[in-house]
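Here is the structure we will look at, set down as structure tokens.
2 protein chains.
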Amino acid sequence: MSSAVDQQDIKREKILEAAYQRFLHYGYSKTTMNEIAGDLSLSKALLYYYFPDKSQLYIAVMRKLAGEYIQNLENELRQFDNLKEAFAAQVDIQHNFIVKNYNFFDFFRVNEQNLPDTIWEIIAEIRRAELVLLSAAIRVEENKGHIKPVENPEQIVDLLIDALHGVRVSAVSHKKVMFPQKEHLEEIHTKRLLLLNIFIKGLMY
Amino acid sequence: MSSAVDQQDIKREKILEAAYQRFLHYGYSKTTMNEIAGDLSLSKALLYYYFPDKSQLYIAVMRKLAGEYIQNLENELRQFDNLKEAFAAQVDIQHNFIVKNYNFFDFFRVNEQNLPDTIWEIIAEIRRAELVLLSAAIRVEENKGHIKPVENPEQIVDLLIDALHGVRVSAVSHKKVMFPQKEHLEEIHTKRLLLLNIFIKGLMY
DNA sequence: ATTTGATAATTTTGTTTAAATAGTCAGTTT
DNA sequence: AAACTGACTATTTAAACAAAATTATCAAAT
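Protein sequence lines correspond, in order, to chains R and L.
The numbering of the first sequence is my numbering, which starts it at 1 and goes up by one.
The numbering of the second sequence is my numbering, which starts it at 1 and goes up by one.
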């Protein structure tokens with residue numbers, strides 16, 4: 001037996017899925033509420049029954065993706081053989097995430113630095129999760145005596161994430177865009193793994 | 001005795017200096033050619049006798065600054081005690097350069113990704129100089145046996161510069177600006193030195 | 001409680017106009 | 001001839017407005 005609330009959640013999910021597909025293929029600004037509604041054979045008004053506005057719909061999709069991403073990260077980092085492997089897992093998972101959802105982030109390219117605060121919060125949440133999981137990984141390795149004691153693992157992970165981010169950024173600077181071109185993603189990934197190698201070695205005895 | 005060409009060069013220099021002061025205090029877009037001419041008690045038309053247009057004037061100033069920056073770097077990297085010191089010198093010199101000329105780069109904030117190609121060339125030139133000088137430093141330390149042999153020093157330096165750049169970038173992301181706020185420069189500098197520490201250690205035996 | 005058609009409100013896009021500023025040039029001064 | 005200028009033109013920027021597209025609302029229907 002399915003309650004009314006269940007039904008509502010199912011419909012919400014259906015809308016999220018349809019919206020995700022539209023955003024993924026056409027980007028935020030070239031997706032209209034009419035089209036999303038059309039895909040589901042619903043009236044546009046109903047979308048507003050389930051979501052306050054278009055940006056909130058986009059954000060809801062993004063939140064879902066972020067949740068899946070973090071879940072994925074948690075699963076992979078549950079066990080690992082050494083620190084490098086743990087960090088490499090993060091780099092890989094992020095890479096796959098970006099590749100898969102590349103066009104979804106069209107919103108970022110268009111809206112650039114004026115992203116709504118909520119989106120920055122989601123990004124911050126992702127980063128916080130990465131920070132927690134990776135610094136936990138450092139602690140584990142530290143306790144095993146594989147690396148020398150680290151006074152502040154969070155600071156180290158934060159720095160590493162910044163550094164990895166730099167590899168992404170310099171791949172786009174002096175281009176007209178802020179978000180990397182799809183063709184550069186592989187190159188970025190390779191450089192990141194190299195950086196990781198050196199950085200990890202720098203943490204060793 | 002001063003030739004006509006000397007005189008022309010002197011006047012060119014005077015214009016560059018006046019333009020630099022205006023750009024430094026008011027930024028590119030809030031500086032008019034009339035004002036620069038006024039500062040020198042010259043007609044605006046004369047500026048166009050010496051420089052083809054406003055952007056070329058700005059670029060000429062920038063080129064001069066870049067030359068001084070690179071010269072500075074060469075002097076400092078002529079001798080050093082260890083690799084960390086050499087890299088730290090680069091970070092420090094760049095830091096001081098940005099702090100000193102902070103407002104001059106207003107053009108970057110405004111124009112963002114649509115900077116004229118020539119400016120990207122100057123930036124590339126600076127980066128090339130950094131690359132050459134720092135990879136030479138690596139070679140020196142390698143020959144002294146202070147670090148383990150490096151197959152491709154340029155690649156390593158390139159990566160490090162990207163990573164250091166990431167520290168700058170993350171200090172501005174989710175802010176409305178692309179160029180860091182002046183208040184963040186010290187924080188960026190500190191984080192960079194920390195990153196440098198780890199990175200260098202990663203290159204050691 | 002869920003859904004919609006019709007309608008209102010807002011955002012985006014394009015156009016016009018005026019003001020500010022960049023850029024030119026014929027002619028003057030050194 | 002090289003250095004320079006006043007007066008002019010051309011371009012860019014900003015503001016104001018209108019039309020079109022799209023978002024968002026709501027009273028009524030299921």
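Glycine is no exception: its CB is placed at the ideal position from the N, C-alpha and C atoms.
Bear in mind the structure is a predicted one, so any value in this text is a computation, not a measurement.
Give the secondary structure of residue i by DSSP, where H, G and I count as helix, E and B as strand, and everything else as coil.
| i | result |
| --- | --- |
| M204 (chain L) | coil |
| Y49 (chain R) | helix |
| H146 (chain R) | coil |
| F23 (chain R) | helix |
| L185 (chain R) | helix |
| F199 (chain L) | helix |
| P153 (chain L) | helix |
| S55 (chain R) | helix |
| S214 (chain R) | In this structure chain R extends from 1 to 205, so residue 214 (chain R) is not present and cannot be described. |
| S41 (chain R) | coil |
| L194 (chain L) | helix |
| I126 (chain L) | helix |
Closer than 7 Å, CB to CB, is residue i near chain R or not?
| i | result |
| --- | --- |
| K54 (chain L) | no |
| S170 (chain L) | yes |
At the 7 Å Cβ level, is residue i part of the contact set with chain L, yes or no?
| i | result |
| --- | --- |
| M1 (chain R) | In this predicted model, M1 (chain R) has a pLDDT of only 47, less than 50, meaning its place in the structure is not dependable; the value taken from the coordinates is given anyway. It does not: the Cβ of M1 (chain R) has no partner Cβ on chain L nearer than 7 Å. |
| L131 (chain R) | no |
| D106 (chain R) | no |
Using a threshold of 7 Å, state whether the C-beta atoms of residue i and residue j are closer than that.
| i | j | result |
| --- | --- | --- |
| P116 (chain L) | S55 (chain L) | yes |
| L131 (chain L) | E154 (chain L) | yes |
| V91 (chain R) | R192 (chain R) | yes |
| F97 (chain R) | F23 (chain R) | no |
| H206 (chain L) | A163 (chain L) | No statement about residue 206 (chain L) is possible, as the shown extent of chain L runs from 1 to 205 and does not include it. |
| L47 (chain R) | M62 (chain R) | no |
| F179 (chain R) | F108 (chain R) | yes |
| I188 (chain R) | V157 (chain R) | no |
| P149 (chain L) | E142 (chain L) | yes |
| I147 (chain L) | L203 (chain L) | yes |
| A60 (chain L) | L16 (chain L) | yes |
| A137 (chain L) | A86 (chain L) | yes |
Mind pulling the chain R residues with CB within less than 7 Å of residue i?
| i | result |
| --- | --- |
| F199 (chain L) | I198, F199 and G202 |
| L159 (chain L) | K191, L194 and L195 |
Using the beta-carbon of each residue, which ones in chain R are nearer than 9 Å to residue i?
| i | result |
| --- | --- |
| L164 (chain L) | A163 and G166 |
Could you pull out every unbroken alpha helix (DSSP H) segment of at least 4 residues lying fully inside the region 74-113 of chain L, listed in chain order? 83-101 and 106-111
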